Amino acid sequence: MNMISPEAVANSKRAWLKILARYKKPDRRRSTVELAITLIPFAVLWGLSSAAYAYGHWWGLILILPAAGFLVRIFMIQHDCGHGSFFANRYADDWIGRALGILTLTPYDCWRRAHATHHASAGNLDERGMGDIRTLTVAEYRQMSWRGRLAYRLYRHPLVMFGLGPIWLFIFEQRLPVGMMRGGLTPWVSSMTTNLGIAVAAAVLIWFVGPGAFLVVHLPIVVLAGSAGIWLFYVQHQFEETEWAKDADWEFQHAALHGSSYYDLPPVLNWFTGNIGVHHVHHLSAKVPCYRLQEVLRDYPELRSIGRVTLLESLRCVKLALWDENRRKLVSFREARAAA
Numbered sequence: 001m002n003m004i005s006p007e008a009v010a011n012s013k014r015a016w017l018k019i020l021a022r023y024k025k026p027d028r029r030r031s032t033v034e035l036a037i038t039l040i041p042f043a044v045l046w047g048l049s050s051a052a053y054a055y056g057h058w059w060g061l062i063l064i065l066p067a068a069g070f071l072v073r074i075f076m077i078q079h080d081c082g083h084g085s086f087f088a089n090r091y092a093d094d095w096i097g098r099a100l101g102i103l104t105l106t107p108y109d110c111w112r113r114a115h116a117t118h119h120a121s122a123g124n125l126d127e128r129g130m131g132d133i134r135t136l137t138v139a140e141y142r143q144m145s146w147r148g149r150l151a152y153r154l155y156r157h158p159l160v161m162f163g164l165g166p167i168w169l170f171i172f173e174q175r176l177p178v179g180m181m182r183g184g185l186t187p188w189v190s191s192m193t194t195n196l197g198i199a200v201a202a203a204v205l206i207w208f209v210g211p212g213a214f215l216v217v218h219l220p221i222v223v224l225a226g227s228a229g230i231w232l233f234y235v236q237h238q239f240e241e242t243e244w245a246k247d248a249d250w251e252f253q254h255a256a257l258h259g260s261s262y263y264d265l266p267p268v269l270n271w272f273t274g275n276i277g278v279h280h281v282h283h284l285s286a287k288v289p290c291y292r293l294q295e296v297l298r299d300y301p302e303l304r305s306i307g308r309v310t311l312l313e314s315l316r317c318v319k320l321a322l323w324d325e326n327r328r329k330l331v332s333f334r335e336a337r338a339a340a
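Residue numbers for the sequence shown follow the UniProt record's numbering, beginning at 1 and rising by one.
In structure tokens, the structure reads:
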């Protein structure tokens, strides 16, 4: 039984930091098991898919779908490593994260820097621009030229956001430290060494299975996993009742709790996504390992009602594109036009 009432927990600025501190410690044996039961099935599914292609059993390529799910989970483990929460050992987390970055096509040190910026400024209207999805206010959108509006509407279109966007981001954009080119040597080393690792891994796989099997198997896995990853990140912050504020009114814990969703997914999807749907808790304390986030919900069920978005409800988030500062909610282009 929790001795703190839901009202006290929800309203206290100190309560969450104290409460979540108890969940920060990872179980290193479990972390090792989680890593193994993610990497081994991914490798097996990848091998079976390439074998199906080689022997003309095209029906076997359906294994690409669960393989993409395991690649999403690999990224979530890399994500925990970036927060230093998977093993709680900076050396181990960083080098595992860098190795996994070769599989996810994501330069680990570049991503970690951008993602830290996202955590430090999520929901802050004056700190947009790095590590998040571009979001304009209604007023900003109305002040743009027709070309600017067209570009923004294309950017927010589902086919671009979840189709072309992941292809561009994971296959092309992340080959260079975009946004960090003047950030010293580390972003360049991260990008170039990851590129080298990708090239070596691709060469070895092509040598074993051939270029045809590599492209037919690996490219769809990357694209599907990338689309799922972008979708998850989108729903976690682009939901109707999210909260944004100017810098003077922005407060970290409030933004974390109310500016991030609780994406209530079925258990099997929670597993494949590393419980990242419990995103409001993750933003409150990024040091909580992914496999302990459900423990927090179990012990403090009042958190389930904050920012909850179901799988069906999340489909309606696609239309949201602009922050209405007057109504303090995300709205669609149509709603913004009607309000004008």
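C-beta: ideal position from N, C-alpha, C; glycine also.
All values derive from a computational prediction rather than experimental measurement.
| Query | Result |
| --- | --- |
| Between V72 and G229, how many whole angstroms is the CB-CB distance? I'm expecting something under 8 Å. | 6 Å |
| Alpha carbon to alpha carbon, what distance is there between Y108 and H237? | 22 Å |
| Who are the Cβ neighbours of Q294 in its own chain at under 8 Å, not counting the five residues just before and after it? | N270, N275 and V278 |
| Using the Cα positions of A213 and G56, report the straight-line distance between them to the nearest angstrom. | 11 Å |
| Go to K18, then tell me how far its alpha helix (DSSP H) extends in each direction, as first and last residue. | A15 to L20 |
| What did DSSP end up calling N142 once you bin it into helix, strand or coil? | It should be noted that the sequence gives Arg, not Asn, for residue 142. Note: R142 maps to helix in three-state DSSP. |
| Around the C-beta of T310, are 16 or more other C-beta atoms found within 10 angstroms, so that it is buried, or is it exposed? | exposed |
| Taking the alpha carbon of L312 as the reference point, which residue from L265, L205, A203 and R128 has its own alpha carbon closest? | L265 |
| Could you tell me which residues DSSP puts in a beta bridge with T106? | None; T106 has no bridge partner. |
| Where are the alpha helix (DSSP H) runs, 4 residues long or more, that stay fully inside the region 186 to 251, in chain order? | 211 to 237 |
| E243: buried (16+ other C-beta within 10 angstroms of its C-beta) or exposed? | buried |
| State the start and end residues of the unbroken alpha helix (DSSP H) segment that holds Y53. | R28 to A54 |
| Do the region 23 to 40 and the region 75 to 88 meet, that is, are 3 or more Cβ pairs less than 8 Å apart? | yes |
| For L303, which residues in the same chain have their Cβ closer than 6 Å to its Cβ, ignoring the five residues on either side in sequence? | L297 |
| Helix, strand or coil, according to DSSP, for A321 in the structure here? | strand |
| Using a 10 Å radius around the Cβ and a threshold of 16 neighbouring Cβ atoms, would you call N124 buried or exposed? | buried |
| Just mark Y263 as buried or exposed, buried being the case when its beta carbon has 16 or more other beta carbons within 10 Å. | buried |
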